[in-house]
Amino acid sequence: MIHMKEVSKTYLMGDTEVKALDRVSFDVSKGEFVSIVGPSGSGKSTLMNMLGCLDTPDSGEYCLDGIDINHSTDRELAHIRNRKIGFVFQNFNLLSRLNALENVEVPLLYKGLSARKSKELAYKYLEKVGLRGREKHTPKELSGGQQQRVAIARSLVCEPQIILADEPTGALDQKTGHEIIGLLRELNAKGQTIVLITHDPNVAAKAGRSVRIVDGQLYCGPEESQ
Ligand SMILES: Nc1ncnc2c1ncn2[C@@H]1O[C@H](COP(=O)(O)OP(=O)(O)O)[C@@H](O)[C@H]1O
Ligand SMILES: [Mg+2]
């Protein structure tokens, strides 16, 4: 599903170079639940942006679902993001003026689905994440955990090949965070491929497999020494 080989990304901060990703090789198979754990500033979000085709590598190879990302145009990348990837973020990124149902409908309407079909699917996915009866609530009328459930429903609704979750529990209390990870585990048990990014080793340990990132370098296994 994901094949990344020796991917590097350097940012220029004034006149110092920051190697955000340093020859990262990373593979994910269909149906896996993999966590990427690392301290703040280690390159997690940079890697997520790369995996999510929001950014392209300076060097190295990236193939997603058999498509060579390095040689795709911006238009093709946008298409790949819409069709293949579901994003979940720390701060939910919901549209505050829209209710839960409308937030979940957004990607479907973008995709050109009819209003009726979009509504029907949005209801179905809100139910899947345990939010039946909350469809008409706006984000501020929902708890953090419920807002993240809406965001997960929105990420699922286009039936993505893979879900990329960047610190999905970062803004939640521990108990709610566990519930969200529980939901991701349930989705994975039904076949959804998931990559979870977190700085929290306890959260990372809930995935089927864990890799570690330190100073832009990826290591297999959570405890492996450098
Ligand atoms: N757009 C950017 N411009 C300059 N430096 C950046 C940019 N994005 C990230 N960095 C730097 O790259 C490193 C990795 O950042 P990031 O991937 O956001 O880490 P994490 O998500 O693990 O906290 C950090 O040193 C950060 O300052
Ligand atoms: Mg980050």
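Start counting the sequence shown at 0; every next residue gets the next number (numbering that gives the first Met the number 0). Quick reminder that beta carbons are idealized off the backbone N, C-alpha and C, glycines included. Every value quoted in this text rests on a predicted model; they were computed, and no experiment measured them.
Quiz prompt | Burial state of Asn187, where buried means 16 or more other Cβ atoms lie within 10 Å | solution = buried
Practice problem: With hydrogens ignored, establish whether the beta-carbon of Asp214 is closer than 7 Å to any heavy atom of ligand 2. | Solution: no
Quiz prompt | Beta-carbon proximity list for Cys62, same chain, < 6 Å, skipping 5 on both sides | solution = His2
Quiz prompt | Residue nearest to Gly207 in terms of C-alpha spacing, selected from Cys219, Val17, Ser95, Lys139 | solution = Cys219
Quiz prompt | Those residues, in chain order, that have a beta-carbon closer than 6 Å to some heavy atom of ligand 1 | solution = Tyr10, Met12, Val17, Ala19, Gly37, Ser39, Gly40, Ser41, Gly42, Lys43, Ser44, Thr45
Exercise. Express the C-alpha separation of Gly13 and Ala121 in angstroms, rounding to a whole number.
Key: 45 Å
Practice problem: Assuming Lys83 and Gln173 form a contact by the criterion Cβ under 8 Å, report the distance between their Cβ atoms to the nearest whole angstrom. | Solution: Wrong, their Cβ atoms sit about 32 Å apart, outside the cutoff.
Quiz prompt | Whole-angstrom distance between Gln147 and Glu185, CA atom to CA atom | solution = 15 Å
Quiz item: With burial defined as no fewer than 16 other Cβ atoms inside 10 Å of the residue's Cβ, what is the status of Ala114: buried or exposed?
Solution: exposed
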